[in-house]
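In full-length UniProt numbering, the protein residues as written are 1 to 165.
Here you go:
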């Protein structure tokens with residue numbers, strides 16, 4: 001199945017289907033800033049917010065990481081995972097320069113299957129092979145409670161916050 005988002009006003013195809021509320025979150029292994037593997041299972045018993053985006057080096061994506069860092073500081077028993085194709089070094093550099101310590105940055109380096117599994121792989125255009133912007137909220141039992149494939153508008157934080165209460 002293919003979905004469409006917009007990038008700079010142009011439609012872009014996205015492969016797969018983003019998980020829907022009620023789905024069981026699929027396991028994944030991504031790469032941390034120290035190049036270690038990190039799995040979904042390492043966050044067992046916590047709520048997980050997956051902030052998925054193409055690159056931390058774009059203004060919109062960088063702003064989302066700042067916003068989610070603020071949100072993460074306000075939530076109990078919740079981890080915010082900021083996931084992109086950036087090298088872990090770039091993610092770490094950005095968070096260090098910005099003073100962001102409430103989010104966990106993870107890279108799809110060595111894990112391109114994540115894009116298909118979570119239905120966020122950009123299928124065409126200049127960003128082919130990167131992740132489309134998306135948010136997936138997963139409860140303590142690894143059930144998806146909210147998901148949104150994000151167009152060029154900001155994430156619907158009001159709706160997302162509802163599911164994090």
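Glycine included, every Cβ here is placed at the ideal spot set by N, Cα and C. Owing to the predicted nature of the structure, the values given are computational and were not obtained by experimental measurement.
Please state whether the Cβ-Cβ distance between residue 87 and residue 80 is less than 8 Å.
no
Residue 119: which of 9, 8 and 20 sits nearest, CA to CA?
20
Reducing DSSP to helix, strand and coil, say where residue 167 ends up.
Past the edges of the chain, shown from 1 to 165, lies residue 167, and the structure says nothing about it.
Tell me the rounded alpha-carbon separation between residue 110 and residue 146.
27 Å
Whole runs of the alpha helix (DSSP H) within the UniProt domain "Thioredoxin" (19-165), excluding any shorter than 4 residues:
59-72, 88-98, 113-117 and 157-163
In whole angstroms, what separates the C-alpha of residue 98 from that of residue 68?
13 Å
Which residues in the same chain have their Cβ closer than 8 Å to the Cβ of residue 47, if we skip the five residues on either side of it in sequence?
75, 77, 78, 79, 137, 138, 139, 140 and 164
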